[in-house]
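Going by the working numbering, the first residue of the sequence shown is number 12, and it counts up by one from there. Quick reminder that beta carbons are idealized off the backbone N, C-alpha and C, glycines included.
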Amino acid sequence: MKRLLAAFVALGVLAVVAVGGWFAAGWYGSSEVEEETAFIVPSGSSLTSVAKKLQEEGHIVSSDGFLLRAKVLGGSDPIKAGEFLLPKGASPSKILDTFQHGDVIRRFVTIPEGTPSVIVHDILMAEDLLVGEIPVPEEGSVLPESYDFERGEERIAVLARMRRAMDETLAELWPQRSQNTVVSSPEEAVVLASIVEKETGVPEERRMVAGLYSNRVRQGIMLQADPTIIYPITRGRPLGRRIRQSEIQAINDYNTYSMVGLPRGPITNPGRASIEAVLNPADTDAIYMVADGSGGHEFNTTLQGHNEAVERWFALRRERGEM
Numbered sequence: 012m013k014r015l016l017a018a019f020v021a022l023g024v025l026a027v028v029a030v031g032g033w034f035a036a037g038w039y040g041s042s043e044v045e046e047e048t049a050f051i052v053p054s055g056s057s058l059t060s061v062a063k064k065l066q067e068e069g070h071i072v073s074s075d076g077f078l079l080r081a082k083v084l085g086g087s088d089p090i091k092a093g094e095f096l097l098p099k100g101a102s103p104s105k106i107l108d109t110f111q112h113g114d115v116i117r118r119f120v121t122i123p124e125g126t127p128s129v130i131v132h133d134i135l136m137a138e139d140l141l142v143g144e145i146p147v148p149e150e151g152s153v154l155p156e157s158y159d160f161e162r163g164e165e166r167i168a169v170l171a172r173m174r175r176a177m178d179e180t181l182a183e184l185w186p187q188r189s190q191n192t193v194v195s196s197p198e199e200a201v202v203l204a205s206i207v208e209k210e211t212g213v214p215e216e217r218r219m220v221a222g223l224y225s226n227r228v229r230q231g232i233m234l235q236a237d238p239t240i241i242y243p244i245t246r247g248r249p250l251g252r253r254i255r256q257s258e259i260q261a262i263n264d265y266n267t268y269s270m271v272g273l274p275r276g277p278i279t280n281p282g283r284a285s286i287e288a289v290l291n292p293a294d295t296d297a298i299y300m301v302a303d304g305s306g307g308h309e310f311n312t313t314l315q316g317h318n319e320a321v322e323r324w325f326a327l328r329r330e331r332g333e334m
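Put into C-alpha cells, the structure is as follows:
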C-alpha cells in the first residue's frame, strides 16, 4: 500500500513538473515572430486586445494562453501605447516585457539648413506617421535639424521641439558673441543669419559672408542680397525664373536693394552654423562679393576689384553658355 501511494505521489509530482515545464516553456520559449517586426499597440489598448492582435498577426499561437501566462508570470505593470520592435523569435515573456518597459520606435524627420517655414510646414504635413494640423511657423522660429518622433505623435508637438531647439540654441550662443558682431539682439542675429544661410552653400564661407554684411551694416551700405528680393514674392519657395528689374527696385520690408540695414524679419530658418557665423564674423574689410564659379565667392574691399571679379564671372558664364 505504501509503495502504491508513493508511486501515485511520484506520478503526481512528475505531472506537476511536466505541466509546469510546459507552462513555462510556452512563456519563455521562442514565439512565432519569424523576423524582426514592428508592432503597434494602439492608444488605450487592453492586454486582451493586444493578445488577440498578436495572434491575428501570427506572432503567438494562442491569445488565451498568452493572457493566462501573462497573468501568472508577467507581472502587473501596465503596457504602453506605441510602435515597438519585436526581435526575431522573441518569447511571449520578451514580447510582454517590451510592451511594458521597452522603448517605442523613434523615427526621424529632417529639416535642412535654410529651409523656409512654408517648406517646414510641407515636410511635417507630408509625414504620414504624424497626426494633427499645424500652422505655418513664424519664419526663423525653428532650428533646422533632425528630430525624432514616434508613430502617431502630434505634429504640433514635433514643431514645438523645433521651436524650443532654436530658443535653446540662441540662449546658448548669444552670450558667446564676439565684440565684432553687428547685431544687437538674438532676433537680429536670426535675421542676418538667414541671409548668410541663403547667400552661401559653402560652410567655410559663412563667417566671411557674415563679416562682409556686418561691414555693410556698419557703414550704412545696402546689403543688396538677392534672396531678400525673392522672399516677399514666394515666402521662400523657389522663384523658378530670373529676378525682374521691377522686383530689384521694389520697395518693401525685405528687399535690401531698396533699404539700408536689415529686413524686418528672417527670410528662412538659419542653421546653428550661420547663427554662430553672425555672432562671430570674420575680421575682414570686404564689402563686395560675387560668385567665383566653383560654388563659392570672391570677396573684395574695393569697387574696382569687385568689378573685375564680376567680369571674370560673366566671362565664365559666357564660356558655359549661360549668357
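The C-alpha of PRO127 lies about 48 Å from the C-alpha of SER87.
Cβ neighbours of GLY85 within its own chain (closer than 6 Å, five residues either side excluded): LEU107. The residue from GLN256, ASN280, ARG166 with its alpha-carbon nearest to that of LYS209 is ASN280.
Beta-carbon to beta-carbon, THR239 and ASN266 are separated by about 6 Å, close enough to satisfy the 8 Å threshold. Looking at the DSSP output, PHE95 bridges to PHE50.
Rounded to whole angstroms, VAL44 and GLU164 show a C-alpha spacing of 26 Å. Within the DSSP bridge table, the entry for THR121 names SER157 as partners. The residue among GLY151, GLN187, ARG162, PHE310 with its C-alpha nearest the C-alpha of ASN226 is PHE310.
Rounded to the nearest whole angstrom, the C-alpha separation of GLY247 and GLU161 is 29 Å. In chain order, GLY143, ILE145 place their CB closer than 7 Å to the CB of ILE167, counting only its own chain and leaving out the 5 sequence neighbours on each side. Exposure of LEU314 is indicated by the presence of fewer than 16 other C-beta atoms within 10 angstroms of its C-beta.
Distance from the Cα of VAL271 is smallest, within the candidate group GLN260, ILE232, TYR242, GLU287, for ILE232. Assignment of beta-bridge partners to PHE310 by DSSP yields MET300. With 16 or more other CB atoms across the displayed protein chains lying within 10 angstroms of its CB, THR109 is buried.
ASN318 carries a helical assignment under DSSP once its states are collapsed to helix, strand and coil. One Cα belongs to ASP237, the other to PRO186, and the distance between them is close to 30 Å. Counted as a single uninterrupted DSSP element, the alpha helix (DSSP H) harbouring TYR242 occupies residues 237-245. In the three-state reduction of the DSSP assignment, GLU150 falls in the coil class. Taking the C-beta atoms as reference points, PRO292 is found nearer than 8 Å to ALA221. With a threshold of 16 other beta carbon atoms within 10 Å, VAL153 meets it and is buried. Only residues of its own chain outside the window of five on either side were considered, and among them PRO243, SER269 have a CB closer than 8 Å to the CB of ASN263, listed in chain order. The beta carbons of LYS99 and GLU46 sit closer together than 8 Å.
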